[in-house]
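Read the structure below first, then the notes.
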């Protein structure tokens, strides 16, 4: 049951080595040292926590799955999620052709500072080491982002990460982010040329220009150097597609001197089912597999080789992290874009009037509003596959709750198909692949 490798969601090994070796410059440590009488002991405790977190990132799900830690047995073993993804902004200013926003209604909203404080406080109470301040939107569009980063670091969160498209990363924002103590900023930038980038990352409300974003990224590097800061580390990644594959070297050359880690990444989603293949190829595959089914998943690598799924693999995400939307819905996985399988709520707004914002998106599409019409013409409301009790919970009791325990147990017991969101999951690491 070997997984197809993909870049880890929380960055490369080089970054984590750097973060460990330079813990003295971690803002959470620098805040804590002002109240400590034993600097060496404090530093060692911070480094030990970070090392434990990174070892557990793969080790925790692997052990839980292989040892079949069902229900409370997993909770007894794993005290907290290793990362909580906090959606500080659901709004996005781009209209990327591969984005789920095209198909599932996503409100253009940002998280309140009060709710953010509540979530961070709960994370600190149970020892969550890492938070990532984005999910479905662009975090820089929340004007409180620097304040949020600072709050998390002052509270002792070891690692704070954002993914950004960098369209609004101006000088003022850059300086504020550096001062706030961000640990890692990951740029999403697809293409090694103006033509390809603007095709892959078009603006939603106004044109998005290659030159502007490229200059923003270079400016951030210059400002960090001027402040003699080593954090946040920066990483830029490009998804390999038919459009970007040929520009891999150009992409690397663009950013080698202004970004700490330059990465190209295989597309992490599988293709369609066999029904999506050309008839001749489909019939050949069905003959080889001795099957009449059209529902078997497939994917192609960048060389064109065809892979067919032989079975499913348990997903690591429910054993690693939780996702919290701008209004307080809690999801088990980043691929549950519409939170169609919620596992709890940390704010009552999510279940009292939260559906209105999703319905509003449909209205704006139907009214032909700019930023909605054309780009989102096929959008639908999220489905509802689970019904957790409508009450305000905490990160701790949701992580330990029956709704997400049911998901974990079904993955451990190879009953993945019983979870509707997981059944149709596009993440190819959750499949066992056979090359044809």
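Residue numbers (the numbering used here): 1 to 436.
By construction, the Cβ of each residue, glycine as well, lies at the ideal position given by its N, Cα and C atoms.
Taking 8 Å as the upper bound for CB-CB distance, residue 254 and residue 214 are in contact here, some 7 Å apart. Between residue 381 and residue 412, the CB-CB gap reaches or exceeds 9 Å.
The Cβ-Cβ distance between residue 422 and residue 85 does not fall below 9 Å. In the structure shown, the three-state DSSP call for residue 78 is coil. The stretch 309 to 327 and the stretch 85 to 95 touch, with no fewer than 3 CB-CB distances between them shorter than 8 Å.
Per DSSP, the unbroken alpha helix (DSSP H) holding residue 125 starts and ends at 113 to 126.
The Cβ atoms of residue 251 and residue 158 do not sit closer than 9 Å to each other. Cβ contact annotation for residue 25 (same chain, cutoff 7 Å, sequence separation greater than five): 230 and 231, in chain order.
DSSP lists no bridge partner for residue 361.
Beta-bridge pairing by DSSP links residue 85 to 132 and 323.
Under DSSP, the beta-bridge partners assigned to residue 435 are 307. Less than 9 Å divides the Cβ of residue 150 from the Cβ of residue 179. Residue 39 and residue 120 have their alpha carbons spaced roughly 25 Å apart. For residue 212, the three-state secondary structure derived from DSSP is helix.
Using a Cβ distance threshold of 9 Å, residue 15 and residue 261 count as a contacting pair. Proximity to residue 29 across 77, 54 and 154 peaks at 154, based on C-alpha coordinates. Per the DSSP secondary-structure output, residue 241 pairs with nothing in a beta bridge. Where residue 300 is concerned, the enclosing beta strand (DSSP E) starts and stops at 298 to 300. Annotated as distal: residue 96 and residue 106, with beta-carbon spacing of 9 Å or more. Across the set 311, 303 and 156, the C-alpha of 311 shows the shortest separation from the C-alpha of residue 296. Here residue 94 is not near residue 192, since their CB atoms are 9 Å or more apart.
A Cβ-Cβ contact shorter than 9 Å links residue 198 with residue 208. The DSSP-derived three-state label of residue 396 is helix.
No Cβ-Cβ contact shorter than 9 Å links residue 124 with residue 81.
Leaving aside the five residues that flank residue 74 on each side, the residues in its chain whose CB is nearer than 8 Å to its CB run, in chain order, 64, 319, 405 and 408.
Contact between residue 307 and residue 433 holds: their C-beta atoms lie close to 4 Å from each other, under 8 Å. Residue 108 places its beta carbon less than 9 Å from that of residue 137.
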